[in-house]
Every structure is written in C-alpha cells, then in structure tokens.
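Engineer:
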Amino acid sequence: MDRSIIRHILGRVMMIEAALMLLPAVVGLFYAEYMDSLIYVCTAAGAFLLGLLFSFKKPPNRSFYLKEGCIVTSLSWVFLSLIGALPFTITGDIPSYLDAVFETVSGFSTTGASILTDVTALSHVNLFWRSFTNWIGGMGVLVFLLAIVSMNGGSSINLMRAESPGPSVGKLVPKIEHTARILYMLYLALSAIMLVLLMVGGMPLFDSFCTMFSTAGTGGFSVYNDSMGSQTLYIKALVGVFMFLFGVNFNFYYFLILRDGRKAFSIEEVRTYFGIVFICTLIIYFDLCRSFIFSADNLVDAFFQVSSIISTTGFSSTNFDLWGRLSITVLVILMFTGACAGSTAGGIKLSRIVLLLKTIKKEIASYIYPKSVKKIKIDGKPVEHEVQRSANVFIITYFAIFIISCLILAFEEHDFETTFSSVVTTLSNVGPGLSRVGPAENYSFYGPISKVVLIFNMLAGRLELFPVLILLHPRVWKEMLHSRLVESKNAEKKR
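Throughout, our numbering is defined as the position within the sequence shown, counted from one, plus 6.
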C-alpha cells in the first residue's frame, strides 16, 4: 500500500477545506461577528498548515488503485468532519464536540439530521458554514479535487468510484478530470439558477444562499426552526422542484446540453424516477384530501415531501409525522430507495432497485423456461455480471448494517418508530424521520454510543458503504503499519 499518495491527497483535501472555511469568515465580517470570523480564520490556518505538512513531500508515484482510493476517500471525509466541527465547539454554539461532529458529518454527508433544538440561536457564521457543508458534500470534495488536480494514468477513476454514488461510475468524456469539471459546472449552474429564483421570490440574500446550499447538496439544513413550513407557496414549490432536479442523474443534463434529448430520456433510471415522483405525489395528495379539502397547498406539500424524501434532502414543508399511515408508508419506502445514481442524493439508488427487480424477473423466468438464456439490460445495454453482483452485495450489506444499527440503538429503549427511522434516515442520508426524530424534532436525546453509530451510518451511506468498511478492516491497518515499518527501515539504510 502506498501511504505517500494517501498522505498527499489528504493534505490537499485539508488545504481545500481551509480555503472553503474562509467564506464563512467573510460572512462574519459582514454581520459584525468578528470573534467568530477570527475563529474560522484560525481554524482554516491550522487546517492549511496541517495539509501543507501532509502534502509537502510529493509521492514518488502518483498512481494508485481502488483500495487506496477507498481508504483516502474515507479518511478525507473523517478529517473534513473532525476539522469542520471545531468552529461550532470553539464558538460555543455547540459546546459538545461529539454533537458538533454529529452536526458536521450530517452536513458533509448531506443527511440533515440535527442535534440542535433552536437553529436560529446560531450565529450567521455558523449557520452559513452549516449549510455550506451540505453544498460541499453534495458533489464531493474529492470530485472537486479531481477537477483541479490531475492524477497519473487511470488513478483518478478510483477516487471517483469511491466517492460517487451508484453501482458503476462512467466518464462523460475520455478524461475523468474533464468529467469532474463538467459535473461541477452543471452543479454550479443549477445552484446559481436556484439562488436567483429564491431572491426573486422575496427570500433574503443570506437565507437564499443557505437554502440553495442545502437544496443543491440535498442536505436539508434550514436556517428556520420549522424548516420550510413558514415559507410562501412559491418558495415551497421552487425548493420542491429543485430538490427533484438535484435528484436526477447529472448525465441527463449533460445530454440535454448536447441537445441529445432522445439519449437523455432513454436513461431508464431517470424515467423510473420521474414516474415514481409523479405516482407517489398523487397517492399522498389524494390521501391528504381525504381529511382536508382539495387545494394547491395539499398538492405542493405532497410534491414537496416526495421530492424531499426521495432526493434524501430532508426539508419539510409541514409535520408529515401527523399524516395518515398511507402517506407515511409511502415516504418510508422512498427513504430506502433514494433517487438516481450520479446525483447528489443518498439511499440505495433507483438504478440498484431497477437492477434488483430485473434480476428477480429473470430468476422467475428461468424457472418457467429452464433452457432460456436471457441477459439483463438497462438502457438497452447488457449489464455485466460484476455490476449485478456489486448491486446485490450492496443491498445485502445495506440491510445488514441497518439491522445491526437498529439492535444497538434499541438498547436505549426508545419507541420502534424512532429507532427504525433514525437508522434508515441516517444510512440513506435523509435526515428527519418519525416520532422523536420527526420533522419537528431532533437527535439530541441520543446517548454517545448511539450518536457514534449514527455518525458511522451517515458516512457509510454517503460513501456507498464499502469505502468506510474497507477503512475499518484489520488487514488494511496491518498493511499501513507494515508500509510504515518498511519506510522507516529504508530511511535508516539511507542514513
């Protein structure tokens, strides 16, 4: 294992975070929160120096494999979260460092689960950074790194595979670095359009930035205690539309830009996504109208919550925990599925669900027609056996982690809905759940062990499970220790 390349990339990531932390510092100057700004500047300086120390010595070989890609991705997100949590605790807005790490991991992983009982009590600096972590985590800091730094050979794809959501990662253009730039350009363009439309709707500039950050990253951190509940119908509808749009596979937008609408709408996963959102919105709308009157408010609330949950954003336009059982059941199912691969959403991803359903259909057909030979196809192309195996293993691993997490949290003896929804909403990066973690509640009541489990779930869910599991594997640490010993021996020989 090449520790030098891992150390070098970690250093670059910390330097990027240091640069990004200067933005909330500028916000603090604008709102005369000088002490908080100074804390962010000092934290950024410390992160930059640490990053410089890590990356000062360039690795002799800048090529690496998938294992190193998974390890450096997991470690990058851990370092990002540990450093990013410091200002919350130092400023005193979140006195407990564990709670600050929980909030920061929730931000970077675009989960939106919060331990805060009063969001409005935070300073503008911390509110901005809190929402900004959603935007940073949405596309991924390593994808950003790829957009500005070139790696030798085909090494870049290994970082992309480790951080990007979905059963497989492909290139929009021949070079993976150019693909990363295209993805970020699309991300920036959609974010900028939403920001302008929010301000047109009358939302203040600061609130517009924070709402845009949380929507684009599908994170759901709001600057209001009632999330989006007090907003106008226009704002709710606008946020609902953009949550839906950020849940779409970004390849779809790339093909539209190339004026290849036929290829864009031929993406089976995207068509499935559109259909599910439409059907689930109608189901919830008519369920709401059984108790209330037919109205635009009900329709917007139904669409808003379907978009929020399936895109794993986590905003709420109302307390959906008070809705009927049918509506809640639909939303819980969407918590598991998530949106499209290649988007900023979490969850299992619809591509894997589609693949699983086709595998089941093929298996049934093999019983009826034992001699038939039929290949599974998606978008008209045969799916490789390795992709099928990977998708099936992912789903099995997902539910294994889900069950183990539920068992650990059950020791606190909260009601079943609280425990069940806490695990699924953190593992799928959704945020709000049901009962004590519903849209009007938070996660502050959990003990330290449960919070650590939920932190693990948020990171594992955002990084597609395996990079985090690989980092925890004993063999990886043995190899890293062995690599360290070899480096020490070589250094002694040179002396």
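The beta-carbon is built from N, C-alpha and C at its ideal position, and this holds for glycine as well.
Contact defined as beta carbons within less than 8 Å: I believe Phe60 pairs with Arg13. What is the distance between those atoms, to the nearest angstrom?
Structural biologist: Position 54 of the sequence shown, counted from the start, is the residue given in the question as residue 60. Position 7 of the sequence shown, counted from the start, is the residue given in the question as residue 13. Confirmed, about 5 Å.
Engineer: In this structure, does DSSP put Pro388 in helix, strand or coil?
Structural biologist: As a working mapping, residue 388 is identified with position 382 in the sequence shown. Looking at Pro388 - three-state DSSP - the assignment turns out to be strand.
Engineer: Taking all protein chains shown into account, do 16 or more other C-beta atoms lie within 10 angstroms of the C-beta of Thr79, making it buried, or fewer, making it exposed?
Structural biologist: One-based indexing of the sequence shown puts residue 79 at position 73. Label assigned to Thr79: buried.
Engineer: What does a CB cutoff of less than 6 Å around Leu35 pick up in its chain, not counting 5 residues either side in sequence?
Structural biologist: Here the question's residue 35 lines up with position 29 in the sequence shown. Excluding positions up to five away in sequence, the list reads Ser43.
Engineer: Looking only at its chain, what residues have a beta carbon closer than 6 Å to the beta carbon of Asp421, apart from the 5 residues adjacent to it on each side?
Structural biologist: One-based indexing of the sequence shown puts residue 421 at position 415. Counting only Cβ-Cβ distances below 6 Å, and skipping sequence neighbours, we find Ser441.
Engineer: Please say whether Glu109 and Ile96 have beta carbons closer to each other than 9 Å?
Structural biologist: As a position in the sequence shown, residue 96 is number 90, starting the count at 1. As a position in the sequence shown, residue 109 is number 103, starting the count at 1. Not a contact, by the Cβ cut-off of 9 Å.
Engineer: Using DSSP with H/G/I as helix, E/B as strand and the rest coil, what is Lys383?
Structural biologist: Stepping through the sequence shown from its first residue, residue 383 is reached at position 377. Lys383: strand per DSSP, three-state reduction.
Engineer: Using only CA atoms, which one of Phe451, Glu74, Phe342, Met200 lies nearest to Phe252?
Structural biologist: Here the question's residue 252 lines up with position 246 in the sequence shown. Residue Met200 is the option with its Cα nearest to Phe252.
Engineer: Can you tell me whether DSSP reads Lys63 as helix, strand or coil?
Structural biologist: Looking up residue 63 in the sequence shown gives position 57. In the structure shown, Lys63 sits in coil (DSSP, three-state: anything other than H, G, I, E or B).
Engineer: Looking at the unbroken alpha helix (DSSP H) that takes in Pro454, where does it start and where does it end?
Structural biologist: To locate residue 454, count along the sequence shown from 1; it is residue 448. Per DSSP, Pro454 belongs to the alpha helix (DSSP H) from 454 to 468.
Engineer: Take the Cβ of Lys380 as the centre, count every other Cβ of all protein chains shown within 10 Å, and call the residue buried at 16 or more, exposed below.
Structural biologist: As a first step, residue 380 is located in the sequence shown; it is residue number 374 there, counting from the start. Exposed.
Engineer: Under a Cβ-count criterion, where at least 16 other Cβ atoms within 10 Å of its own Cβ denotes burial, should Arg136 be classed as buried or exposed?
Structural biologist: On the sequence shown, position 130 is the one that residue 136 refers to. Flag for Arg136 reads buried.
Engineer: Between the beta-carbon of Thr343 and the beta-carbon of Ile366, is there less than 9 Å?
Structural biologist: Walking along the sequence shown from the start, residue 343 turns up at place 337. Walking along the sequence shown from the start, residue 366 turns up at place 360. Cβ distance not < 9 Å, so Thr343 and Ile366 don't count as in contact.
Engineer: Within 10 angstroms of its Cβ, does Lys457 collect 16 or more other Cβ (buried), or is it exposed?
Structural biologist: Here residue 457 refers to the residue found at position 451 of the sequence shown. Flag for Lys457 reads buried.
Engineer: Determine contact between the stretch 467 to 475 and the stretch 110 to 119, defined as no fewer than three beta-carbon pairs at a distance below 8 Å.
Structural biologist: The answer is yes - the stretch 110 to 119 touches the stretch 467 to 475, with three or more Cβ pairs under 8 Å.
Engineer: Go ahead and pull the three-state DSSP assignment for Ser80.
Structural biologist: Working through the sequence shown from its first residue, we reach residue 80 at position 74. Of the three classes helix, strand and coil, the one that applies to Ser80 here is helix, per DSSP.
Engineer: Measure the Cβ-Cβ separation of Gly348 and Asn435 and say whether it is below 9 Å.
Structural biologist: Numbered from 1 along the sequence shown, position 342 holds the residue referred to as residue 348. Numbered from 1 along the sequence shown, position 429 holds the residue referred to as residue 435. Result no, Cβ atoms of Gly348 and Asn435 do not sit closer than 9 Å.
Engineer: Within its chain, find whatever has a CB closer than 7 Å to the CB of Asp293; leave out the 5 residues flanking it on each side and keep chain order.
Structural biologist: The sequence position of residue 293 within the sequence shown is 287, counting from 1. Around Asp293: Gly330, Leu332, Ser333.
Engineer: Measure the alpha-carbon distance for Thr324 versus Asp307 and round it to whole angstroms.
Structural biologist: Walking along the sequence shown from the start, residue 324 turns up at place 318. Walking along the sequence shown from the start, residue 307 turns up at place 301. Spanning the two alpha carbons is a distance of roughly 7 Å.
Engineer: Kindly list the residues whose CB is nearer than 7 Å to the CB of Lys364, restricted to its own chain and excluding five residues on each side of it in sequence; keep chain order.
Structural biologist: By one-based count along the sequence shown, residue 364 stands at place 358. Excluding positions up to five away in sequence, the list reads Ile382.
Engineer: Quick one, are the C-beta atoms of Met27 and Tyr46 less than 9 Å apart?
Structural biologist: Taking the first residue of the sequence shown as position 1, residue 27 is located at position 21. Taking the first residue of the sequence shown as position 1, residue 46 is located at position 40. Closer than 9 Å, so yes.
Engineer: Note down, one range per segment and in chain order, each alpha helix (DSSP H) of at least 4 residues found wholly within the stretch 312 to 370.
Structural biologist: As far as the stretch 312 to 370 is concerned, its whole alpha helix (DSSP H) runs of at least 4 residues are 331 to 343.
Engineer: From Ile142 to Gly223, what does the alpha carbon distance come to, in whole angstroms?
Structural biologist: Residue numbering aside, residue 142 sits at position 136 when the sequence shown is read from its first letter. Residue numbering aside, residue 223 sits at position 217 when the sequence shown is read from its first letter. Whole-angstrom Cα-Cα distance: 7 Å.
Engineer: Can you name, in chain order, every residue of its own chain whose Cβ lies under 8 Å from the Cβ of Leu128, other than the five neighbours on each side?
Structural biologist: Against the sequence shown, residue 128 aligns to sequence position 122. Asp99, Leu122, Arg136, listed in sequence order.
Engineer: Thinking C-beta only, is Phe309 closer than 9 Å to Phe321?
Structural biologist: One-based indexing of the sequence shown puts residue 321 at position 315. One-based indexing of the sequence shown puts residue 309 at position 303. Cβ atoms of Phe321 and Phe309: not closer than 9 Å.
Engineer: If contacts are defined as beta-carbon pairs under 8 Å, then Tyr404 and Leu433 qualify, I think. What distance do you get, rounded to the angstrom?
Structural biologist: As a working mapping, residue 404 is identified with position 398 in the sequence shown. As a working mapping, residue 433 is identified with position 427 in the sequence shown. Contact holds; Cβ gap of about 7 Å.
Engineer: DSSP on Gly160, reduced to helix/strand/coil?
Structural biologist: As a working note, residue 160 is residue 154 in the sequence shown. Confidence in Gly160 is poor, its pLDDT being 48 and thus under 50, which makes the residue's placement too unreliable to answer from.
Engineer: Does the Cβ of Lys484 have 16 or more other Cβ atoms within 10 Å, making it buried, or fewer, making it exposed?
Structural biologist: Taking the first residue of the sequence shown as 1, we reach residue 484 at position 478. So Lys484 counts as exposed.
Engineer: For Ile285, which of His479, Gln237, Ser313 has the nearest alpha-carbon?
Structural biologist: On the sequence shown, residue 285 is found 279 positions in, with the first residue counted as 1. Checking every option, the nearest Cα to that of Ile285 belongs to Ser313.
Engineer: By Cβ distance, which residues of its chain are closer than 6 Å to Gly57, with the 5 residues on each side in sequence left out?
Structural biologist: Stepping through the sequence shown from its first residue, residue 57 is reached at position 51. Excluding sequence neighbours, Gly57 sits near Gly17, Met20, Met21.
Engineer: Do you know whose CA, among Ile77, Leu133, Leu305, lies nearest Val33's CA?
Structural biologist: Reading the sequence shown from its first residue, position 27 is the one you call residue 33. Taking only the C-alpha atoms, the option nearest Val33 is Leu133.
Engineer: Considering only the alpha carbon of each residue, which of Leu196, Ile263, Ser228 lies closest to Thr126?
Structural biologist: The residue given as residue 126 occupies position 120 in the sequence shown. When each option's Cα is compared against that of Thr126, the closest is Ser228.
Engineer: How about Leu356 and Ile241: do their beta carbons lie closer than 9 Å?
Structural biologist: In the sequence shown, residue 356 corresponds to position 350, counting from 1. In the sequence shown, residue 241 corresponds to position 235, counting from 1. Their beta carbons are not under 9 Å apart, which means Leu356 does not touch Ile241 by this criterion.
Engineer: Between Ser272, Gly208, Arg265, Tyr193, which has its C-alpha nearest Met249's C-alpha?
Structural biologist: Position 243 of the sequence shown, counting from 1, holds the residue named residue 249. For Met249, the nearest C-alpha among the options comes from Tyr193.
Engineer: How long is the line joining the alpha carbons of Thr424 and Pro454, rounded to whole angstroms?
Structural biologist: Translated into the one-based positions of the sequence shown, residue 424 becomes position 418. Translated into the one-based positions of the sequence shown, residue 454 becomes position 448. Answer to the nearest angstrom: the Cα atoms are 17 Å apart.
Engineer: Give the straight-line distance between the Cα atoms of Ala53 and Lys387, rounded to the nearest whole angstrom.
Structural biologist: Working through the sequence shown from its first residue, we reach residue 53 at position 47. Working through the sequence shown from its first residue, we reach residue 387 at position 381. Taking the straight line from one Cα to the other gives about 46 Å.
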